[in-house]
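To start, the structure under review is shown below, and the notes come after it.
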Amino acid sequence: MMSQTVRGRVVSAHGSHFYVELESGQIRHCFPKGRRNEAAVGDWVSVQLQGDQEGQLVAIEPRRNLLYRSDEWRTKQFAANVDQVLLVVAVKPTFADDLLGRALAGAWAADVEPVIVLNKIDIHDGLDQARERLKPYKDLGVTILEVSALDSSTVEQQIRPLLTHKTTLLLGQSAMGKSTLLNALIPAAQANTQEHSVALDAGKHTTTTTKLYHLPESSGDLIDSPGVQAFGLAHLSLEDIERGFPEFARHKEHCRFYNCTHRREPNCGVLDALARGEIDPRRHALYERLLEEKASAKT
1016 MMSQTVRGRV VSAHGSHFYV ELESGQIRHC FPKGRRNEAA VGDWVSVQLQ
1066 GDQEGQLVAI EPRRNLLYRS DEWRTKQFAA NVDQVLLVVA VKPTFADDLL
1116 GRALAGAWAA DVEPVIVLNK IDIHDGLDQA RERLKPYKDL GVTILEVSAL
1166 DSSTVEQQIR PLLTHKTTLL LGQSAMGKST LLNALIPAAQ ANTQEHSVAL
1216 DAGKHTTTTT KLYHLPESSG DLIDSPGVQA FGLAHLSLED IERGFPEFAR
1266 HKEHCRFYNC THRREPNCGV LDALARGEID PRRHALYERL LEEKASAKT
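The following block contains the structure:
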């Protein structure tokens, strides 16, 4: 007798196995069919029921998008079918401009709306500097929210309205306060929090797996992910990389060559805009690094 096949959504991923929430609300411990583990949190899947608690993941429905990072050695999936990503940075410890820029480029390339959350604004030493470092993204039109995750009422007022009716990925470096932010939005999550080491200006991982949570009294979902220390974009095509820099769009119309790479070509609209100060030089430098990494990966 054939076992029943039902539809569900992956709510947590653990390498070789997954937990899938069925449309009935039941959560099943599922294993992929075959050796390949391609499902990501947020995927809609078909599950062949086995016993009372388990199932076999037999098919993944077509995705709207997939956010992941990659380098020449490996790929790490974050989540699928997301509407927006909350990129969490903090006043302390110091956040990495390069990592934030890469995460933004990856989001834009996947047609996912990015929102930056500046956390720990109760720490006044370094607040002005953090705001100044975020100014290029504000100038690009990226929504930037300022909160202290310890002040749950402010988190509720500023962030929760953005999450309703959407699937949102929570992403950031370790020690930025993601887990505290998650607990403020979803108290039942009770994610582990941990004080960062001030002496090392860094933190330890407190989230080890990617997991989807339902927002209370809302139709939105929030996907929490482990802290990231690197954000390779080796999987992006040259066109994807360029799409990750939306400030280039109106200037590239003035490029002399249709296949301009905006690096050394004459009569390049992007380079002209860079020279006029209309494009942030740090953003263009990141763009060049991504192109160089792409070229190196092919050799």
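Residues are numbered in my numbering as their position in the sequence shown, beginning at 1, plus a constant of 1015.
Ideal Cβ placement from N, Cα and C applies to all residues, glycine included.
Because the structure is a prediction, the values reported are computed rather than measured.
Note down, in chain order, each residue of its chain lying with its Cβ closer than 8 angstroms to the Cβ of residue i, except the 5 sequence neighbours on either side.
{"i": "Asp-1126", "result": "Asn-1080"}
{"i": "Ile-1294", "result": "Glu-1262, Phe-1263, His-1266, Val-1285 and Ala-1288"}
{"i": "Val-1104", "result": "Phe-1110, Leu-1115, Ile-1131, Val-1132, Leu-1133, Asn-1134, Ala-1145, Leu-1149, Gly-1187, Gln-1188 and Met-1191"}
{"i": "Thr-1179", "result": "Leu-1230, Ser-1233, Ser-1234 and Gly-1235"}
{"i": "Thr-1183", "result": "Val-1097, Asp-1098, Gln-1099, Val-1100, Leu-1101, Leu-1177, Gly-1235, Asp-1236, Leu-1237 and Ile-1238"}
{"i": "Thr-1276", "result": "Leu-1253 and Leu-1306"}
{"i": "Glu-1280", "result": "Cys-1270, Arg-1271, Phe-1272 and Leu-1286"}
{"i": "Glu-1268", "result": "Gly-1284"}
Compare the beta carbon distance of residue i and residue j with 8 angstroms and say whether it is the shorter of the two.
{"i": "Leu-1101", "j": "Phe-1093", "result": "no"}
{"i": "Lys-1193", "j": "Gly-1141", "result": "no"}
{"i": "Leu-1230", "j": "Leu-1200", "result": "yes"}
{"i": "Gly-1121", "j": "Lys-1181", "result": "no"}
{"i": "Gly-1057", "j": "Val-1097", "result": "yes"}
{"i": "Arg-1258", "j": "Trp-1123", "result": "yes"}
{"i": "Gln-1099", "j": "Glu-1128", "result": "yes"}
{"i": "Leu-1306", "j": "Leu-1237", "result": "no"}
Ordered along the chain, which non-local residues of its own chain (more than five positions away) have a Cβ less than 6 angstroms from that of residue i?
{"i": "Val-1026", "result": "Tyr-1034, Glu-1036 and Leu-1227"}
{"i": "Asn-1282", "result": "Arg-1271"}
{"i": "Thr-1225", "result": "Ala-1028, Val-1056 and Ser-1240"}
{"i": "Ser-1252", "result": "none"}
{"i": "Val-1021", "result": "Leu-1037 and Val-1062"}
{"i": "Ala-1095", "result": "Ala-1055, Gly-1057, Asp-1058, Arg-1078 and Leu-1081"}
Between the options, which lies nearest to residue i when the distance is taken from Cα to Cα?
{"i": "His-1029", "options": "Ser-1018, Lys-1091 and Glu-1038", "result": "Lys-1091"}
{"i": "Asp-1112", "options": "Lys-1309, Ala-1312 and Leu-1301", "result": "Leu-1301"}
{"i": "Val-1060", "options": "Gly-1023, His-1032, Ser-1085 and Phe-1046", "result": "Gly-1023"}
{"i": "Pro-1151", "options": "Arg-1297, Ile-1256, Glu-1257 and Ile-1042", "result": "Arg-1297"}
{"i": "Arg-1043", "options": "Gln-1099, Arg-1291, Gly-1070 and Leu-1119", "result": "Gly-1070"}
{"i": "Ile-1256", "options": "Thr-1169, His-1299 and Ala-1095", "result": "His-1299"}
{"i": "Leu-1119", "options": "Gln-1041, Thr-1020, Asp-1166 and Phe-1260", "result": "Phe-1260"}
{"i": "Ser-1031", "options": "Gln-1041, Arg-1051, Cys-1275 and Glu-1038", "result": "Arg-1051"}
{"i": "Ser-1138", "options": "Arg-1117, Ser-1167, Pro-1108 and Glu-1147", "result": "Looking at the sequence itself, residue 1138 is Ile, so the reference to Ser does not match. Of the listed residues, the one whose Cα sits closest to Ile-1138 is Pro-1108."}
Can you name, in chain order, every residue of its own chain whose Cβ lies under 7 angstroms from the Cβ of residue i, other than the five neighbours on each side?
{"i": "Gly-1247", "result": "Arg-1084, Ser-1085 and Asp-1086"}
{"i": "Glu-974", "result": "The question about residue 974 has no answer, for the chain in this structure spans 1016 to 1314."}
{"i": "Ile-1136", "result": "Val-1106, Leu-1142, Glu-1161, Val-1162 and Ser-1163"}
{"i": "Pro-1047", "result": "Ala-1054 and Leu-1072"}
{"i": "Ser-1322", "result": "It is not possible to answer for residue 1322, since the shown part of the chain is limited to 1016 through 1314."}
{"i": "Val-1170", "result": "Val-1162, Ala-1164, Leu-1196, Ala-1199 and Leu-1200"}
{"i": "Ser-1167", "result": "Ala-1199"}
{"i": "Asp-1216", "result": "Only weak support exists for where Asp-1216 lies, its pLDDT of 49 falling under 50; the coordinates are left without a value."}
{"i": "Gly-1040", "result": "none"}
{"i": "His-1220", "result": "With a pLDDT of 40 at His-1220, under the threshold of 50, the modelled position of this residue cannot be trusted; read the value that follows with caution. Excluding sequence neighbours, His-1220 sits near Ser-1189, Pro-1241 and Gly-1242."}
Assuming residue i contacts residue j (C-beta within less than 8 angstroms), just tell me the rounded distance between them.
{"i": "Ala-1245", "j": "Glu-1308", "result": "Actually they are not in contact, since the Cβ atoms of Ala-1245 and Glu-1308 sit about 12 angstroms apart, beyond 8 angstroms."}
Is residue i near the ligand FAD - that is, is its Cβ less than 7 angstroms away from at least one heavy atom of it?
{"i": "Gly-1023", "result": "Looking at this structure, you won't find the ligand FAD or any other ligand, since it has none at all."}
For the structure I just gave you, are there three or more beta carbon pairs, one from the stretch 1071-1086 and one from the stretch 1154-1164, closer than 8 angstroms? A contact between stretches requires three or more CB pairs, one per stretch, nearer than 8 angstroms, and the stretch 1071-1086 fails this requirement with the stretch 1154-1164.
Is it true that the stretch 1146-1157 meets the stretch 1062-1070, where meeting means three or more beta-carbon pairs spaced less than 8 angstroms apart? no
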